[in-house]
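Just below is one structure, and these are the notes that go with it.
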Amino acid sequence: MKGLTDEQEEQYEKQLAQLDSKALLATIAAELGQIRMLLQDESESPTDEREAHMYQCQMCGEVVGQDERRDHGLTRHKAPPDLALESFDKV
0 MKGLTDEQEE QYEKQLAQLD SKALLATIAA ELGQIRMLLQ DESESPTDER EAHMYQCQMC
60 GEVVGQDERR DHGLTRHKAP PDLALESFDK V
C-alpha cells in the first residue's frame, strides 16, 4: 500500500486543521447515535428471528424450530431422512 506523498500529506493536514472541532464532535456524536440504534435493534431482533424460523408439521400439526424438523420427522413419524424436512410448512 502506498503512503501519502509530501504534497498529499500537507493538503490533508491543512484540511484537518480547517475542521471546526465542534463540527467534528457533532459528526462523531451523530455516528455514535446511529450505532447505538443499530445495536438496540439487533438486541431486540433475536426473538423475532427465532419466531420467523418455526415450521408446522404437515402430518400432526406440531410447530417446531428449524433445527428440530429432521429429528421430529424421524422420531415421531419414522419418516426417511430425505423426507423428514419436506413435510413441514414455514409458519
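Numbering that gives the first Met the number 0 applies: residue 0 is where the sequence shown begins, and numbers increase by one. For each residue, glycine too, the CB sits at the ideal point set by N, CA and C.
Less than 8 Å between the C-beta atoms of Q65 and S86, yes or no? Looking up residue 65 in the sequence shown gives position 66. Looking up residue 86 in the sequence shown gives position 87. No. Outside cutoff.
Quick check on the DSSP output: the alpha helix (DSSP H) that includes D19 runs from which residue to which? By one-based count along the sequence shown, residue 19 stands at place 20. Taken as a continuous stretch (DSSP letters only), D19 belongs to no alpha helix (DSSP H), as it is neither H nor E.
Start-end ranges of the beta strand (DSSP E) lying completely within the region 25 to 86, minimum 3 residues: Listed in chain order, the beta strand (DSSP E) elements of length 3 or more contained wholly in the region 25 to 86 are 53 to 56, 62 to 64.
Sort out for me which residues DSSP pairs D88 with in a bridge. Counting from one through the sequence shown, the residue named residue 88 turns up at place 89. According to DSSP, which records beta bridges pairwise, D88 is partnered with Q55.
So Q55 and D81 are in contact, right, with Cβ under 8 Å, and what is the actual spacing, rounded? The residue you call residue 55 lines up with position 56 of the sequence shown. The residue you call residue 81 lines up with position 82 of the sequence shown. Between D81 and Q55 the Cβ distance is about 20 Å, and since that is not below 8 Å, they are no contact.
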